[in-house]
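Chains as they are written, first to last, in the numbering used here: chain A, 1088 to 1201; chain B, 684 to 797.
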């Protein structure tokens, strides 16, 4: 079956521009997570959705970062006024429920801010 | 989530078993032990998880110490496709109100020698 998909796979943007990253979770998965992985670093949690609500936004690094989820499915992560330190791979994961054991990850979006 | 300690890197010969250790001396009674792996240029992939008893699945086996302060992921016959970073992660048992995001450490980079 279809896994988690993310688009675009690569994004190069100029410093100061806004970017939108998209995540299509596995159909029926109610929980959705965003993580990011900077070069040579581990994965860092950003935000968690249960359905359309985001009960845990504790990992968002600044108010330039926001995310939404509509229809309990697709999610977009928006970064405003991008900075060079935002360059990273942004990963999305979904799971069947709040306490589900497995998270299924997408391939990620590689963001480069020049 | 409680902290885990893993070796930075390990090597294995192809077709031989690999034992990847993880120490988690501060584990609580409600923490599950999860293993994920990340192949180059891909998102993380679930491998296995357990609570107290040893676990087996098609990918690997998980051996958990009797005091639960350490565990070992066992790949029975390493292949070149098993070369990845392996992460040992503790997660609370489901039922609480948390988001159950995964807290990734540095992991163990496994190299497989043909």
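Beta carbons are placed, not taken as given, at the ideal position from N, Cα and C, and that holds for glycine. This one's a predicted model, so the numbers in the text were calculated from it and none came from an experiment.
Limits of the unbroken beta strand (DSSP E) element including residue i
i: residue 1161 of chain A; result: Premise fails: residue 1161 of chain A is in no beta strand (DSSP E) and is neither H nor E.
i: residue 1096 of chain A; result: It is not in any beta strand (DSSP E) - residue 1096 of chain A carries neither H nor E in the DSSP assignment.
i: residue 1132 of chain A; result: 1130-1137
i: residue 694 of chain B; result: 692-696
i: residue 1124 of chain A; result: 1118-1124
i: residue 688 of chain B; result: No beta strand (DSSP E) holds residue 688 of chain B; DSSP gives it neither H nor E.
i: residue 1111 of chain A; result: 1106-1111
i: residue 1155 of chain A; result: 1152-1156
i: residue 722 of chain B; result: Element bounds for residue 722 of chain B: n/a, residue is neither H nor E.
i: residue 1197 of chain A; result: 1196-1200
i: residue 702 of chain B; result: 701-706
i: residue 1177 of chain A; result: 1175-1182
i: residue 791 of chain B; result: 791-796
i: residue 1079 of chain A; result: Because chain A spans 1088 through 1201 in this model, residue 1079 of chain A falls outside it and cannot be assessed.
Nearest to residue i (by Cα), restricted to the options the options
i: residue 705 of chain B; options: B/763, B/784, B/746; result: B/746
i: residue 790 of chain B; options: B/733, B/755, B/783, B/769; result: B/769
i: residue 1139 of chain A; options: A/1151, A/1120, A/1131; result: A/1120
i: residue 783 of chain B; options: B/688, B/708, B/717; result: B/717
i: residue 750 of chain B; options: B/735, B/759, B/757; result: B/735
i: residue 767 of chain B; options: B/700, B/688, B/725; result: B/725
i: residue 797 of chain B; options: B/720, B/688, B/699; result: B/699
i: residue 1122 of chain A; options: A/1157, A/1147, A/1137; result: A/1147
i: residue 723 of chain B; options: B/785, B/763, B/774; result: B/763
i: residue 1134 of chain A; options: A/1170, A/1090, A/1198, A/1152; result: A/1152
i: residue 795 of chain B; options: B/689, B/786, B/760; result: B/760
i: residue 641 of chain B; options: B/758, B/773, B/774; result: Coverage of chain B is limited to positions 684 through 797, which leaves residue 641 of chain B absent and any answer about it impossible.
i: residue 1099 of chain A; options: A/1091, A/1178, A/1183, A/1171; result: A/1171
i: residue 687 of chain B; options: B/793, B/787, B/792; result: B/787
i: residue 1089 of chain A; options: A/1199, A/1181, A/1200; result: A/1181
i: residue 1115 of chain A; options: A/1137, A/1124, A/1097; result: A/1137
Below-8 angstroms beta-carbon distance, residue i vs any chain D residue
i: residue 1190 of chain A; result: The structure shown contains no chain D; the protein chains it does contain are A and B.
- Those runs of the beta strand (DSSP E) which lie wholly inside the region 734-773 of chain B and span at least 3 residues: 744-747, 753-758
- Item | Residues of the region 716-731 of chain B whose Cβ lies closer than 9 angstroms to any Cβ of chain A, in chain order | 717, 719, 721, 724, 725, 726, 727, 728, 729
- Message: At a CB distance below 7 angstroms, what residues from the region 1110-1140 of chain A approach chain B? Give them in sequence order.
- Response: 1120, 1129, 1130, 1132, 1135
- Item | Segment contact, 8 angstroms Cβ cut-off, at least three pairs: the region 737-746 of chain B with the region 684-695 of chain B | no
- Quick one: any contact between the region 1190-1201 of chain A and the region 1108-1122 of chain A, if contact means 3 or more CB pairs under 8 angstroms? yes
- Three or more C-beta pairs below 8 angstroms linking the region 1095-1106 of chain A and the region 1161-1168 of chain A: yes
- Query: In the region 689-713 of chain B, which residues sit with their C-beta less than 8 angstroms from some C-beta in chain A, listed in chain order?
  - Reply: none
- Task: Quick one: which residues of the region 1158-1182 of chain A get their C-beta closer than 9 angstroms to a C-beta of chain B? List them in chain order.
- Result: 1176, 1178, 1179, 1180, 1182
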